[in-house]
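Inspection log for the structure reproduced underneath, given as C-alpha coordinates.
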Amino acid sequence: MRRGIGFLIAAQFVSGLADNALLIVAMARLAELGQSAWLAPLLKAVFTLAYVVLAPWAGALADRWPKARVMLAANGLKALACALMALAIDPLLAFALAGVGAAAYSPAKYGLVTELSAPADLVRANGWLEVTTVGAIILGTALGGLLVGPWLLTDATRQLGHALPVSTPLGAAILLVLALYALAGALNLLIPASGAQPHAMQPSFHALLARFAHAQRTLWRDAQGGLSLGVTTLFWGAGATLQFVVLAWAQQNLGLSLSNAAYLQGVVAIGIGVGALAAGRWVQLQQAPRVLPLGVLMGACVPLLTLVHSVGVAAPLLATVGALAGFFVVPMNALLQHRGQQLLGAGESIAVQNFNENLCVLGMLGAYAALQMAGWPLHRAVFALGAVVALGVLSVMWRYRLMGGRKQLLKGEHP
15 MRRGIGFLIA
25 AQFVSGLADN
35 ALLIVAMARL
45 AELGQSAWLA
55 PLLKAVFTLA
65 YVVLAPWAGA
75 LADRWPKARV
85 MLAANGLKAL
95 ACALMALAID
105 PLLAFALAGV
115 GAAAYSPAKY
125 GLVTELSAPA
135 DLVRANGWLE
145 VTTVGAIILG
155 TALGGLLVGP
165 WLLTDATRQL
175 GHALPVSTPL
185 GAAILLVLAL
195 YALAGALNLL
205 IPASGAQPHA
215 MQPSFHALLA
225 RFAHAQRTLW
235 RDAQGGLSLG
245 VTTLFWGAGA
255 TLQFVVLAWA
265 QQNLGLSLSN
275 AAYLQGVVAI
285 GIGVGALAAG
295 RWVQLQQAPR
305 VLPLGVLMGA
315 CVPLLTLVHS
325 VGVAAPLLAT
335 VGALAGFFVV
345 PMNALLQHRG
355 QQLLGAGESI
365 AVQNFNENLC
375 VLGMLGAYAA
385 LQMAGWPLHR
395 AVFALGAVVA
405 LGVLSVMWRY
415 RLMGGRKQLL
425 KGEHP
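Heads up: the sequence shown begins at 15 in the working numbering, then just goes up one per residue.
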(Lines of atoms letter the chains of each structure in order from A and count residues from 1; the text may use other names and numbers.)
(Lines give C-alpha, C1' and ligand atoms only; values in the text may rest on other atoms or scores of the structure.)
Protein backbone atom coordinates (compact mmCIF):
# COMPACT_ATOMS: atom_id res chain seq x y z
CA MET A 1 0.00 0.00 0.00
CA ARG A 2 1.16 3.56 -0.69
CA ARG A 3 2.60 5.65 2.13
CA GLY A 4 -0.25 8.15 1.94
CA ILE A 5 -2.68 5.45 3.08
CA GLY A 6 -0.97 5.45 6.48
CA PHE A 7 -1.61 9.14 7.09
CA LEU A 8 -5.20 8.74 5.89
CA ILE A 9 -5.82 5.84 8.24
CA ALA A 10 -4.21 7.70 11.16
CA ALA A 11 -6.29 10.84 10.57
CA GLN A 12 -9.59 8.98 10.29
CA PHE A 13 -8.71 6.89 13.36
CA VAL A 14 -8.21 9.92 15.59
CA SER A 15 -11.30 11.65 14.20
CA GLY A 16 -13.34 8.48 14.75
CA LEU A 17 -11.90 8.18 18.26
CA ALA A 18 -13.27 11.63 19.03
CA ASP A 19 -16.67 10.79 17.45
CA ASN A 20 -17.17 7.74 19.65
CA ALA A 21 -15.99 9.46 22.82
CA LEU A 22 -18.31 12.37 22.04
CA LEU A 23 -21.28 9.99 21.80
CA ILE A 24 -20.72 8.73 25.37
CA VAL A 25 -20.15 12.27 26.64
CA ALA A 26 -23.38 13.38 24.92
CA MET A 27 -25.27 10.51 26.57
CA ALA A 28 -23.91 11.59 29.95
CA ARG A 29 -24.87 15.18 29.19
CA LEU A 30 -28.44 14.09 28.45
CA ALA A 31 -28.56 12.25 31.78
CA GLU A 32 -27.08 15.29 33.53
CA LEU A 33 -29.90 17.40 32.10
CA GLY A 34 -32.50 14.89 33.34
CA GLN A 35 -33.63 13.83 29.87
CA SER A 36 -35.54 10.57 29.27
CA ALA A 37 -33.51 7.39 28.68
CA TRP A 38 -35.20 6.72 25.33
CA LEU A 39 -33.55 9.86 23.92
CA ALA A 40 -30.12 8.16 23.97
CA PRO A 41 -30.70 6.15 20.75
CA LEU A 42 -31.85 9.38 19.10
CA LEU A 43 -28.31 10.75 19.49
CA LYS A 44 -27.17 8.19 16.96
CA ALA A 45 -30.28 8.85 14.89
CA VAL A 46 -29.72 12.60 14.54
CA PHE A 47 -26.03 11.95 13.82
CA THR A 48 -26.88 9.68 10.91
CA LEU A 49 -29.78 11.76 9.60
CA ALA A 50 -27.25 14.02 7.89
CA TYR A 51 -25.84 11.05 5.96
CA VAL A 52 -29.28 10.47 4.43
CA VAL A 53 -30.32 14.06 3.80
CA LEU A 54 -26.95 15.27 2.51
CA ALA A 55 -25.94 12.18 0.52
CA PRO A 56 -26.43 13.73 -2.97
CA TRP A 57 -24.27 16.73 -2.05
CA ALA A 58 -21.68 14.82 0.01
CA GLY A 59 -20.75 12.51 -2.84
CA ALA A 60 -20.62 15.31 -5.40
CA LEU A 61 -18.52 17.44 -3.04
CA ALA A 62 -16.04 14.60 -2.47
CA ASP A 63 -15.61 14.13 -6.22
CA ARG A 64 -15.47 17.88 -6.97
CA TRP A 65 -12.68 18.86 -4.55
CA PRO A 66 -9.48 17.15 -3.35
CA LYS A 67 -10.71 14.57 -0.89
CA ALA A 68 -8.06 15.29 1.75
CA ARG A 69 -9.21 18.92 1.80
CA VAL A 70 -12.85 17.85 2.20
CA MET A 71 -11.83 15.61 5.13
CA LEU A 72 -10.06 18.53 6.83
CA ALA A 73 -13.07 20.84 6.53
CA ALA A 74 -15.48 18.13 7.71
CA ASN A 75 -13.30 17.36 10.73
CA GLY A 76 -13.38 21.05 11.62
CA LEU A 77 -17.18 20.99 11.54
CA LYS A 78 -17.23 18.07 13.98
CA ALA A 79 -14.87 19.99 16.26
CA LEU A 80 -17.27 22.94 16.19
CA ALA A 81 -20.12 20.64 17.22
CA CYS A 82 -18.04 19.39 20.15
CA ALA A 83 -17.34 22.96 21.26
CA LEU A 84 -21.04 23.84 21.04
CA MET A 85 -21.84 21.05 23.47
CA ALA A 86 -20.08 23.14 26.12
CA LEU A 87 -22.48 25.99 25.39
CA ALA A 88 -26.21 26.27 25.97
CA ILE A 89 -26.91 23.89 23.07
CA ASP A 90 -29.07 20.78 23.37
CA PRO A 91 -26.82 17.68 23.02
CA LEU A 92 -29.11 16.34 20.29
CA LEU A 93 -28.64 19.49 18.20
CA ALA A 94 -24.88 19.57 18.74
CA PHE A 95 -24.55 15.91 17.82
CA ALA A 96 -26.66 16.50 14.71
CA LEU A 97 -24.10 19.10 13.59
CA ALA A 98 -21.35 16.54 14.17
CA GLY A 99 -23.33 14.27 11.88
CA VAL A 100 -23.18 16.90 9.12
CA GLY A 101 -19.40 16.87 9.38
CA ALA A 102 -19.30 13.08 9.40
CA ALA A 103 -21.58 12.91 6.34
CA ALA A 104 -19.06 14.97 4.37
CA TYR A 105 -16.05 13.15 5.86
CA SER A 106 -17.07 9.60 4.95
CA PRO A 107 -17.30 9.76 1.12
CA ALA A 108 -14.02 11.67 1.01
CA LYS A 109 -12.30 9.13 3.26
CA TYR A 110 -13.46 5.97 1.51
CA GLY A 111 -13.15 7.54 -1.91
CA LEU A 112 -9.55 8.53 -1.21
CA VAL A 113 -8.74 4.98 -0.10
CA THR A 114 -10.07 3.75 -3.44
CA GLU A 115 -8.00 6.33 -5.35
CA LEU A 116 -4.79 5.57 -3.45
CA SER A 117 -5.11 1.75 -3.68
CA ALA A 118 -4.68 -0.66 -6.57
CA PRO A 119 -7.60 -3.13 -6.97
CA ALA A 120 -5.41 -5.98 -5.68
CA ASP A 121 -4.72 -4.01 -2.48
CA LEU A 122 -8.28 -2.81 -1.89
CA VAL A 123 -9.43 -5.60 0.46
CA ARG A 124 -6.23 -5.23 2.47
CA ALA A 125 -6.59 -1.44 2.64
CA ASN A 126 -10.22 -1.82 3.69
CA GLY A 127 -9.17 -4.36 6.29
CA TRP A 128 -6.81 -1.84 7.87
CA LEU A 129 -9.41 0.88 7.55
CA GLU A 130 -11.97 -1.28 9.36
CA VAL A 131 -9.43 -2.31 12.00
CA THR A 132 -8.61 1.30 12.79
CA THR A 133 -12.29 2.23 12.65
CA VAL A 134 -12.98 -0.55 15.12
CA GLY A 135 -10.01 0.58 17.18
CA ALA A 136 -11.55 4.04 17.27
CA ILE A 137 -14.81 2.49 18.46
CA ILE A 138 -13.05 0.47 21.16
CA LEU A 139 -10.78 3.21 22.45
CA GLY A 140 -13.26 6.01 21.81
CA THR A 141 -16.04 4.22 23.67
CA ALA A 142 -13.64 3.32 26.49
CA LEU A 143 -12.32 6.89 26.56
CA GLY A 144 -15.86 8.21 26.69
CA GLY A 145 -16.55 5.88 29.62
CA LEU A 146 -13.46 7.20 31.39
CA LEU A 147 -14.35 10.80 30.69
CA VAL A 148 -17.82 10.46 32.23
CA GLY A 149 -16.55 8.27 35.09
CA PRO A 150 -16.07 9.52 38.64
CA TRP A 151 -12.27 9.64 38.44
CA LEU A 152 -12.31 12.64 36.09
CA LEU A 153 -15.04 14.47 37.95
CA THR A 154 -12.65 15.72 40.64
CA ASP A 155 -12.76 19.15 42.21
CA ALA A 156 -10.22 20.47 39.69
CA THR A 157 -12.15 19.32 36.64
CA ARG A 158 -15.41 20.49 38.16
CA GLN A 159 -13.87 23.95 38.43
CA LEU A 160 -12.86 23.67 34.76
CA GLY A 161 -16.41 22.72 33.87
CA HIS A 162 -17.80 25.64 35.85
CA ALA A 163 -15.45 28.00 33.99
CA LEU A 164 -17.16 27.13 30.69
CA PRO A 165 -20.18 29.09 29.40
CA VAL A 166 -22.42 26.28 30.69
CA SER A 167 -21.72 25.06 34.22
CA THR A 168 -21.08 21.33 33.80
CA PRO A 169 -18.59 18.91 35.36
CA LEU A 170 -18.24 17.39 31.89
CA GLY A 171 -16.26 20.42 30.73
CA ALA A 172 -12.89 18.66 30.92
CA ALA A 173 -14.26 15.74 28.92
CA ILE A 174 -15.50 18.07 26.19
CA LEU A 175 -12.14 19.85 25.97
CA LEU A 176 -10.23 16.57 25.70
CA VAL A 177 -12.47 15.41 22.85
CA LEU A 178 -11.93 18.77 21.16
CA ALA A 179 -8.15 18.22 21.40
CA LEU A 180 -8.56 14.92 19.55
CA TYR A 181 -10.29 16.66 16.67
CA ALA A 182 -7.39 19.14 16.54
CA LEU A 183 -4.90 16.24 16.32
CA ALA A 184 -6.94 14.63 13.53
CA GLY A 185 -6.80 17.89 11.60
CA ALA A 186 -3.02 18.04 11.96
CA LEU A 187 -2.63 14.48 10.66
CA ASN A 188 -4.94 15.27 7.78
CA LEU A 189 -2.48 17.87 6.51
CA LEU A 190 0.05 15.08 5.86
CA ILE A 191 -2.18 13.17 3.42
CA PRO A 192 -0.83 13.53 -0.14
CA ALA A 193 -2.99 14.31 -3.15
CA SER A 194 -4.16 11.25 -5.06
CA GLY A 195 -3.85 12.86 -8.47
CA ALA A 196 -7.42 11.90 -9.39
CA GLN A 197 -9.21 14.29 -11.72
CA PRO A 198 -12.15 16.16 -10.13
CA HIS A 199 -15.69 15.66 -11.41
CA ALA A 200 -17.89 18.62 -12.21
CA MET A 201 -20.94 19.05 -9.95
CA GLN A 202 -24.42 19.07 -11.45
CA PRO A 203 -25.52 22.66 -12.18
CA SER A 204 -28.89 22.52 -10.41
CA PHE A 205 -30.60 20.94 -7.43
CA HIS A 206 -32.92 18.94 -9.68
CA ALA A 207 -30.04 17.66 -11.81
CA LEU A 208 -28.10 16.68 -8.68
CA LEU A 209 -31.04 14.65 -7.34
CA ALA A 210 -31.60 13.06 -10.75
CA ARG A 211 -27.95 12.04 -10.92
CA PHE A 212 -28.10 10.60 -7.40
CA ALA A 213 -31.25 8.62 -8.23
CA HIS A 214 -29.49 7.25 -11.32
CA ALA A 215 -26.53 6.23 -9.15
CA GLN A 216 -28.89 4.42 -6.77
CA ARG A 217 -30.49 2.45 -9.59
CA THR A 218 -27.11 1.63 -11.13
CA LEU A 219 -25.69 0.08 -7.96
CA TRP A 220 -28.85 -1.76 -6.87
CA ARG A 221 -29.43 -3.28 -10.33
CA ASP A 222 -25.87 -4.56 -10.61
CA ALA A 223 -25.45 -8.11 -9.25
CA GLN A 224 -22.25 -7.48 -7.27
CA GLY A 225 -23.18 -3.89 -6.45
CA GLY A 226 -26.64 -4.85 -5.19
CA LEU A 227 -25.26 -7.75 -3.16
CA SER A 228 -22.60 -5.74 -1.37
CA LEU A 229 -24.84 -2.69 -0.91
CA GLY A 230 -27.60 -4.83 0.60
CA VAL A 231 -25.21 -6.54 3.02
CA THR A 232 -23.43 -3.39 4.19
CA THR A 233 -26.76 -1.57 4.56
CA LEU A 234 -28.10 -4.32 6.80
CA PHE A 235 -24.83 -4.56 8.72
CA TRP A 236 -24.65 -0.90 9.68
CA GLY A 237 -28.31 -0.70 10.61
CA ALA A 238 -28.03 -3.75 12.84
CA GLY A 239 -24.63 -2.67 14.19
CA ALA A 240 -25.86 0.74 15.30
CA THR A 241 -28.84 -0.87 17.04
CA LEU A 242 -26.63 -3.51 18.65
CA GLN A 243 -24.49 -0.72 20.11
CA PHE A 244 -27.42 0.51 22.21
CA VAL A 245 -28.79 -2.98 22.86
CA VAL A 246 -25.46 -4.02 24.38
CA LEU A 247 -25.39 -0.91 26.60
CA ALA A 248 -28.94 -1.54 27.84
CA TRP A 249 -28.43 -5.30 28.19
CA ALA A 250 -25.16 -4.90 30.12
CA GLN A 251 -26.82 -2.55 32.58
CA GLN A 252 -29.98 -4.67 32.94
CA ASN A 253 -28.67 -8.26 32.83
CA LEU A 254 -25.16 -7.77 34.17
CA GLY A 255 -25.79 -4.86 36.55
CA LEU A 256 -23.04 -2.68 35.05
CA SER A 257 -22.88 1.11 35.09
CA LEU A 258 -22.91 3.07 31.83
CA SER A 259 -19.14 3.60 31.98
CA ASN A 260 -18.46 -0.11 32.56
CA ALA A 261 -21.03 -1.16 29.95
CA ALA A 262 -19.12 0.98 27.46
CA TYR A 263 -16.03 -1.20 28.04
CA LEU A 264 -18.03 -4.35 27.34
CA GLN A 265 -19.34 -2.76 24.17
CA GLY A 266 -15.72 -2.42 23.11
CA VAL A 267 -15.38 -6.21 23.20
CA VAL A 268 -17.63 -6.38 20.13
CA ALA A 269 -15.34 -3.93 18.41
CA ILE A 270 -12.27 -6.04 19.27
CA GLY A 271 -13.93 -9.01 17.61
CA ILE A 272 -14.73 -6.93 14.53
CA GLY A 273 -11.09 -5.87 14.33
CA VAL A 274 -9.85 -9.46 14.49
CA GLY A 275 -12.34 -10.54 11.83
CA ALA A 276 -11.44 -7.58 9.62
CA LEU A 277 -7.71 -8.39 9.80
CA ALA A 278 -8.39 -12.04 9.00
CA ALA A 279 -10.54 -11.10 6.01
CA GLY A 280 -7.90 -8.70 4.70
CA ARG A 281 -5.32 -11.49 4.89
CA TRP A 282 -7.25 -14.47 3.51
CA VAL A 283 -10.15 -13.21 1.36
CA GLN A 284 -9.58 -12.00 -2.21
CA LEU A 285 -11.92 -9.49 -3.83
CA GLN A 286 -13.44 -12.06 -6.20
CA GLN A 287 -14.09 -14.40 -3.24
CA ALA A 288 -16.20 -11.86 -1.34
CA PRO A 289 -19.62 -13.55 -1.87
CA ARG A 290 -18.36 -16.73 -0.19
CA VAL A 291 -18.33 -15.12 3.27
CA LEU A 292 -22.09 -14.39 3.32
CA PRO A 293 -23.09 -17.44 5.44
CA LEU A 294 -21.14 -15.89 8.31
CA GLY A 295 -23.71 -13.09 8.38
CA VAL A 296 -26.49 -15.62 8.94
CA LEU A 297 -24.45 -17.24 11.72
CA MET A 298 -23.86 -13.84 13.34
CA GLY A 299 -27.60 -13.14 13.41
CA ALA A 300 -28.22 -16.54 14.99
CA CYS A 301 -25.70 -15.77 17.76
CA VAL A 302 -27.28 -12.47 18.85
CA PRO A 303 -30.29 -14.01 20.72
CA LEU A 304 -27.85 -16.01 22.87
CA LEU A 305 -27.25 -12.77 24.79
CA THR A 306 -30.56 -13.28 26.58
CA LEU A 307 -29.17 -16.42 28.26
CA VAL A 308 -26.06 -14.70 29.64
CA HIS A 309 -25.85 -13.15 33.11
CA SER A 310 -22.09 -12.94 33.73
CA VAL A 311 -19.32 -10.87 32.21
CA GLY A 312 -17.11 -13.95 31.87
CA VAL A 313 -19.56 -15.54 29.42
CA ALA A 314 -20.68 -12.29 27.80
CA ALA A 315 -17.21 -11.17 26.69
CA PRO A 316 -16.33 -14.19 24.49
CA LEU A 317 -19.85 -14.29 23.03
CA LEU A 318 -19.71 -10.62 22.07
CA ALA A 319 -16.20 -11.06 20.67
CA THR A 320 -17.45 -13.96 18.52
CA VAL A 321 -20.33 -11.89 17.16
CA GLY A 322 -17.90 -9.10 16.35
CA ALA A 323 -15.39 -11.43 14.64
CA LEU A 324 -18.10 -12.89 12.41
CA ALA A 325 -19.26 -9.39 11.52
CA GLY A 326 -15.76 -8.16 10.69
CA PHE A 327 -14.87 -11.16 8.56
CA PHE A 328 -17.96 -10.92 6.35
CA VAL A 329 -18.41 -7.14 6.06
CA VAL A 330 -14.86 -6.15 5.04
CA PRO A 331 -14.88 -8.10 1.74
CA MET A 332 -18.39 -6.80 1.04
CA ASN A 333 -17.24 -3.23 1.64
CA ALA A 334 -14.25 -3.65 -0.66
CA LEU A 335 -16.47 -5.22 -3.34
CA LEU A 336 -18.90 -2.30 -3.13
CA GLN A 337 -16.14 0.32 -3.33
CA HIS A 338 -14.47 -1.31 -6.31
CA ARG A 339 -17.72 -1.93 -8.18
CA GLY A 340 -18.94 1.57 -7.34
CA GLN A 341 -15.79 3.14 -8.73
CA GLN A 342 -16.21 1.15 -11.95
CA LEU A 343 -19.87 2.08 -12.42
CA LEU A 344 -19.89 5.61 -10.95
CA GLY A 345 -17.24 7.71 -9.17
CA ALA A 346 -15.50 6.94 -5.88
CA GLY A 347 -17.19 9.72 -3.89
CA GLU A 348 -20.60 9.26 -5.53
CA SER A 349 -20.70 5.51 -4.89
CA ILE A 350 -19.73 6.01 -1.23
CA ALA A 351 -22.47 8.63 -0.87
CA VAL A 352 -25.00 6.11 -2.23
CA GLN A 353 -23.67 3.57 0.25
CA ASN A 354 -23.91 6.07 3.12
CA PHE A 355 -27.47 7.02 2.15
CA ASN A 356 -28.71 3.44 2.24
CA GLU A 357 -26.73 2.36 5.28
CA ASN A 358 -27.77 5.32 7.38
CA LEU A 359 -31.37 5.20 6.23
CA CYS A 360 -31.34 1.66 7.59
CA VAL A 361 -29.69 2.92 10.80
CA LEU A 362 -32.43 5.51 11.23
CA GLY A 363 -35.16 2.96 10.61
CA MET A 364 -33.76 0.36 12.98
CA LEU A 365 -32.89 2.85 15.73
CA GLY A 366 -36.33 4.41 15.38
CA ALA A 367 -37.92 0.98 15.71
CA TYR A 368 -35.78 0.22 18.77
CA ALA A 369 -36.67 3.56 20.41
CA ALA A 370 -40.36 2.91 19.67
CA LEU A 371 -40.12 -0.53 21.27
CA GLN A 372 -38.54 1.04 24.35
CA MET A 373 -41.29 3.65 24.57
CA ALA A 374 -43.90 0.88 24.21
CA GLY A 375 -42.34 -1.00 27.13
CA TRP A 376 -41.14 -4.02 25.15
CA PRO A 377 -38.91 -6.34 27.21
CA LEU A 378 -35.28 -6.12 26.18
CA HIS A 379 -34.99 -9.85 25.43
CA ARG A 380 -37.69 -9.56 22.74
CA ALA A 381 -35.79 -6.73 21.06
CA VAL A 382 -32.62 -8.85 21.09
CA PHE A 383 -34.43 -11.78 19.44
CA ALA A 384 -35.94 -9.45 16.84
CA LEU A 385 -32.53 -7.97 16.01
CA GLY A 386 -30.97 -11.40 15.49
CA ALA A 387 -33.84 -12.50 13.27
CA VAL A 388 -33.62 -9.36 11.12
CA VAL A 389 -29.89 -9.94 10.53
CA ALA A 390 -30.14 -13.66 9.70
CA LEU A 391 -33.21 -13.35 7.47
CA GLY A 392 -31.89 -10.19 5.84
CA VAL A 393 -28.62 -11.82 4.78
CA LEU A 394 -30.51 -14.87 3.49
CA SER A 395 -32.75 -12.65 1.38
CA VAL A 396 -29.75 -10.81 -0.10
CA MET A 397 -28.09 -14.14 -0.94
CA TRP A 398 -31.29 -15.32 -2.65
CA ARG A 399 -31.53 -12.10 -4.69
CA TYR A 400 -27.90 -12.49 -5.77
CA ARG A 401 -28.59 -15.98 -7.07
CA LEU A 402 -31.69 -14.82 -8.95
CA MET A 403 -29.65 -12.08 -10.64
CA GLY A 404 -27.06 -14.60 -11.79
CA GLY A 405 -24.21 -13.04 -9.84
CA ARG A 406 -22.53 -16.39 -9.20
CA LYS A 407 -22.53 -17.20 -12.94
CA GLN A 408 -21.00 -13.82 -13.71
CA LEU A 409 -18.13 -14.53 -11.33
CA LEU A 410 -17.57 -17.97 -12.85
CA LYS A 411 -17.47 -16.42 -16.34
CA GLY A 412 -14.81 -13.99 -15.22
CA GLU A 413 -17.05 -10.93 -15.01
CA HIS A 414 -15.72 -10.37 -11.54
CA PRO A 415 -15.68 -7.01 -9.83
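For every residue, glycine included, the Cβ atom is placed at its ideal position computed from N, Cα and C.
- When secondary structure is reduced to three states using DSSP, M346 falls in the helix class.
- Leaving aside the five residues that flank L379 on each side, the residues in its chain whose CB is nearer than 7 Å to its CB run, in chain order, P55, K58, A59, A254, T255.
- Judged by beta-carbon spacing, N368 lies within the 8 Å limit of Y65, meaning their Cβ atoms are closer than that value.
- For W250, the three-state secondary structure derived from DSSP is helix.
- Scanning W263, I19, L332 for the CA closest to the CA of L392 turns up W263.
- With a cutoff of 8 Å on beta-carbon distance, A293 and P330 are scored as not near each other.
- Pairing N202 with A82, the inter-Cα distance amounts to about 7 Å.
- Here H323 carries a coil assignment [DSSP, helix/strand/coil].
- In terms of Cα proximity to V191, the closest of L373, L31, V375, R413 is L31.
- In this structure R235 is exposed. Its beta-carbon is surrounded by fewer than 16 other beta-carbon atoms within 10 angstroms.
- Around the Cβ of R295, a 10 Å sphere holds fewer than 16 other Cβ atoms; the residue is exposed.
- In the three-state scheme derived from DSSP, where H, G and I count as helix and E and B as strand, M378 is classed as helix.
- The three-state reading of DSSP puts W390 in coil, since its state is none of H, G, I, E or B.
- Here the C-alpha atom of W142 lies approximately 15 Å from the C-alpha atom of I152.
- Three or more Cβ pairs closer than 8 Å define a contact, and the region 144–158 falls short of that threshold against the region 307–321.
- Residues of the same chain with a CB within less than 6 Å of the CB of A76, apart from the 5 flanking positions on each side, are V84, P121, A122, G125, G361 in chain order.
- Within its own chain, the residues whose Cβ lies closer than 8 Å to the Cβ of N347, once the five positions on either side in sequence are excluded, are N140, E144, S242, T246, listed in chain order.
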